[in-house]
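Numbering (our numbering), first residue to last: 851 to 1169. We treat Cβ as the ideally placed atom computed from N, Cα and C, and that holds for glycine.
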Amino acid sequence: MPKHASPVRALFLRLVLINGTVFVVGTLALALSPVTISSPILLTEIPVLVIGLALILVATTVLLRRSLAPLDALQSVMERVDLLRSRDRLPEDDDHDLARLITTFNAMLDRLEEQRSVRSAEVLAGQEAERRRIARELHDEIGQSLTAALLSLKRVVDRAPAALQWDLRQVQDTVRGSLDDVRQVARRLRPDVLEDLGLASALAALAAEFTEAAGVPVLRTGDPVPAGLTPQTELVLFRITQESLTNVARHADAEKVTVSLAAGPRALILTVLDDGRGGPHVEGAGIRGMRERALLVDGELTVSSPPGGGTLVTLVVPL
């Protein structure tokens, strides 16, 4: 076949060649064999014709099946391909007529994954910028307004008659609680501790905050955070841990959570394991968002249910 022939034309020529070869071989076998066909056909000649036809059909089927086998593999990959999961490609064989089709399909998946990664990076960067803006407004505007309200309430409480003091202190406590809530939301939106103190301190603060809010203890194990991680890698690890803990609080009904960070020579492995209800997982926006973040650092995220129950989130980031 011509090296640069289109896949359709090459496949067409292959099918024509297969059928023509089988027909020629069958004709030569019939012409050179001692078998004779009478007219009308005798009953003793019918088995010979049936056997010959069966051999032709078997040969044609085997040859066509071998030629069209890559199409089955292509269909299988098309049915299971997911741009948020690990790379899935067809093996390329330069000797096959469908080699260009397979190469083109693999190249298409490469382009789609690259475009998806670029778009995800842009969207997530926009989200982080919006988080920082909202956190800054919460801290600088609403936080300062609530602080000013607390100071004013303190002056009012100091001058108020004794009959109103208890009610005013209740209002003061409510405003103080609202201020704490605003600061907590701002910290979740913009992890200042990650920028100031690094990933280890940020994960420790995140675990403490989760335990305080959800009442579920978090056990941190594993190796020290390796030096030299990029800010993007640290942010991805932090956000995936944060989202995993959020899912535990919402869905798991767990009594304990273990967060582990293992540093190997070639990869960094983050695991978040809870002892909750586990079971089949429906991938919603949260898990798909974690997969998109993992792709930003060429990582692979898996969500599974261990035999002992609960849910295990694993992120593998190559170093």
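Note down, in chain order, each residue of its chain lying with its Cβ closer than 7 Å to the Cβ of residue i, except the 5 sequence neighbours on either side.
{"i": "valine 1147", "result": "Gln1082, Thr1083, Val1086 and Val1167"}
{"i": "valine 874", "result": "none"}
Among the candidates the options, whose CA atom is the shortest distance from the CA of residue i?
{"i": "alanine 1117", "options": "Gln1092, Leu1079, Arg1089 and Thr1108", "result": "Leu1079"}
{"i": "isoleucine 1137", "options": "Arg961, Gly1126, Glu1150 and Val1007", "result": "Glu1150"}
{"i": "proline 1074", "options": "Leu1095, Glu1093, Ala1036 and Ile1119", "result": "Ile1119"}
{"i": "valine 931", "options": "Ala1077, Asn956, Val1007 and Glu1093", "result": "Asn956"}
{"i": "serine 1094", "options": "Arg961, Leu865, Phe1060 and Leu1018", "result": "Phe1060"}
{"i": "histidine 1101", "options": "Pro884, Val1132, Thr1108 and Thr1121", "result": "Val1132"}
{"i": "isoleucine 984", "options": "Leu962, Arg1040 and Arg1141", "result": "Arg1040"}
Measuring straight from C-alpha to C-alpha, what distance separates residue i and residue j?
{"i": "lysine 853", "j": "asparagine 869", "result": "Residue confidence for lysine 853 is low, a pLDDT of 49 falling below 50, so the modelled location carries little weight and cannot support an answer."}
{"i": "serine 1154", "j": "valine 1163", "result": "7 Å"}
{"i": "leucine 1165", "j": "threonine 954", "result": "31 Å"}
{"i": "histidine 989", "j": "arginine 1033", "result": "7 Å"}
{"i": "valine 1068", "j": "lysine 1106", "result": "6 Å"}
{"i": "valine 973", "j": "glutamine 1020", "result": "43 Å"}
{"i": "valine 908", "j": "glycine 876", "result": "12 Å"}
{"i": "aspartate 922", "j": "glutamate 964", "result": "26 Å"}
{"i": "alanine 1064", "j": "alanine 1099", "result": "6 Å"}
{"i": "proline 941", "j": "isoleucine 952", "result": "8 Å"}
{"i": "alanine 949", "j": "leucine 924", "result": "11 Å"}
{"i": "glutamate 1062", "j": "alanine 1036", "result": "16 Å"}
{"i": "aspartate 1042", "j": "leucine 1003", "result": "30 Å"}
{"i": "proline 1076", "j": "proline 1115", "result": "10 Å"}
{"i": "alanine 919", "j": "aspartate 1046", "result": "57 Å"}
{"i": "proline 890", "j": "leucine 903", "result": "18 Å"}
{"i": "aspartate 1103", "j": "glycine 1160", "result": "9 Å"}
Enumerate in chain order the residues of its own chain whose CB-to-CB distance from residue i is below 8 Å, with the five nearest sequence positions on each side excluded.
{"i": "valine 872", "result": "Ile906, Ala909, Thr910 and Leu913"}
{"i": "alanine 1144", "result": "Val1086, Ile1090, Glu1150, Leu1151, Leu1165 and Val1167"}
Based on DSSP bridge pairs, tell me the residues matched to residue i.
{"i": "glycine 1149", "result": "Answer by DSSP bridge pairing: none, since glycine 1149 is not bridged."}
{"i": "glycine 1072", "result": "Leu1111"}
{"i": "proline 1168", "result": "Ala1117"}
Practice prompt. Could you name each continuous beta strand (DSSP E) segment of 3 residues or more that falls completely within the stretch 1100 to 1163, going from the start of the chain to the end?
Written response: Within the stretch 1100 to 1163, the complete beta strand (DSSP E) segments of 3 residues or longer fall at 1107 to 1113, 1117 to 1124 and 1150 to 1154, listed in chain order.
Worksheet item: In the stretch 1024 to 1076, which residue ranges form an unbroken alpha helix (DSSP H) of at least 4 residues, counting only runs that do not cross its ends?
Response: Uninterrupted alpha helix (DSSP H) stretches at least 4 residues long and entirely within the stretch 1024 to 1076 occur at 1042 to 1047 and 1049 to 1064, given in chain order.
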